[in-house]
Amino acid sequence: MTGERESEEPLVVVARATRTRGLKGELVADLLTDFPERFDAITRLICIDPNGNRSRADLEDHWFQQGRVILKLAGVDDIDSAARFVGFEFAVPESERVKLPTGQFYDWELEGCEVTTTSGRQLGRVREVMKAGGVDTLVVEADKERDYLVPLAEPIVIRIDLAGKAILIDPPEGLLEL
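Position one of the sequence shown corresponds to residue 5 (the numbering used here), numbered consecutively onward.
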């Protein structure tokens, strides 16, 4: 476990420690990734404490149990050493995220994108992606009192430019009045 402050590189959080397990320094963690198999390729994790401080730890072993991941960090060999990690998030650099097929995006990639209509109207920024009813919906914050709900569907969303943090939409009549 290295204690130096890590750079502020963008991260993808993959797990959050909820409690210790056993006497050998193991941690029970909630999975925060849609790709649990990614742990097979992870050798180092970035540990983020509740205050946002970062450090690195080598992942000695992992396995899955009841929908969670059990983590064994190198050098963390007893319950007291493990207890200090309860509440920590574990991440990998964004550059190591699982690549999605063309046309698919992570919610966090869409958050903060500026949404504009094909007529040039600036709607606001994506605050979150809401999951409801089988169709993901962009929650676009226009101002403090108004949100627009835009279905993330091909006939409505014309272009997503992640590099430019911009989304172009062609809303059907009445969508923006809801």
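Glycine is no exception: its CB is placed at the ideal position from the N, C-alpha and C atoms. Remember, it's a predicted structure, so these values are computed and weren't measured experimentally.
Own chain residues within Cβ distance below 8 Å of residue i, not counting five before or after
i   : result
T47 : D62, L63
F43 : V18, L63, H66, V73
Minimum C-alpha distance to residue i - residue among the options
i    : options                : result
A19  : D38, E100, K169        : D38
P97  : L166, L153, I52        : I52
Q126 : A157, A170, A86, R23   : A170
D151 : L179, G124, I164, G138 : L179
T121 : K135, A86, A95, I164   : I164
Own chain, CB closer than 6 Å to residue i, minus 5 neighbours either side, in chain order
i    : result
D111 : V133
L89  : The sequence as given places Phe at residue 89; Leu does not occur at that position. So the qualifying residues of the chain are A21, L31.
L140 : One detail in the question is off: residue 140 reads as Asp in this sequence, not Leu. Excluding sequence neighbours, D140 sits near V133, L156.
Through-space distance from residue j to residue i, alpha-carbon basis
i    : j    : result
H66  : K76  : 6 Å
G7   : S99  : For G7, the predicted model reports a pLDDT of 43, less than 50, meaning its position is unreliable; a value from the coordinates is still stated below. Whole-angstrom Cα-Cα distance: 22 Å.
E177 : E13  : 41 Å
I160 : E149 : 24 Å
G138 : R23  : 33 Å
Q69  : G56  : 27 Å
P175 : S123 : 10 Å
Beta carbon of residue i nearer than 8 Å to that of residue j
i    : j    : result
I173 : V102 : no
G128 : V154 : no
L166 : E113 : yes
L156 : I83  : no
L1   : I50  : There is simply no residue 1 to check, as the chain begins at 5 and stops at 182 in what is shown.
V130 : G116 : yes
G91  : P54  : yes
For residue j and residue i, believed in contact at Cβ under 8 Å, the rounded distance
i   : j   : result
G29 : A86 : 4 Å
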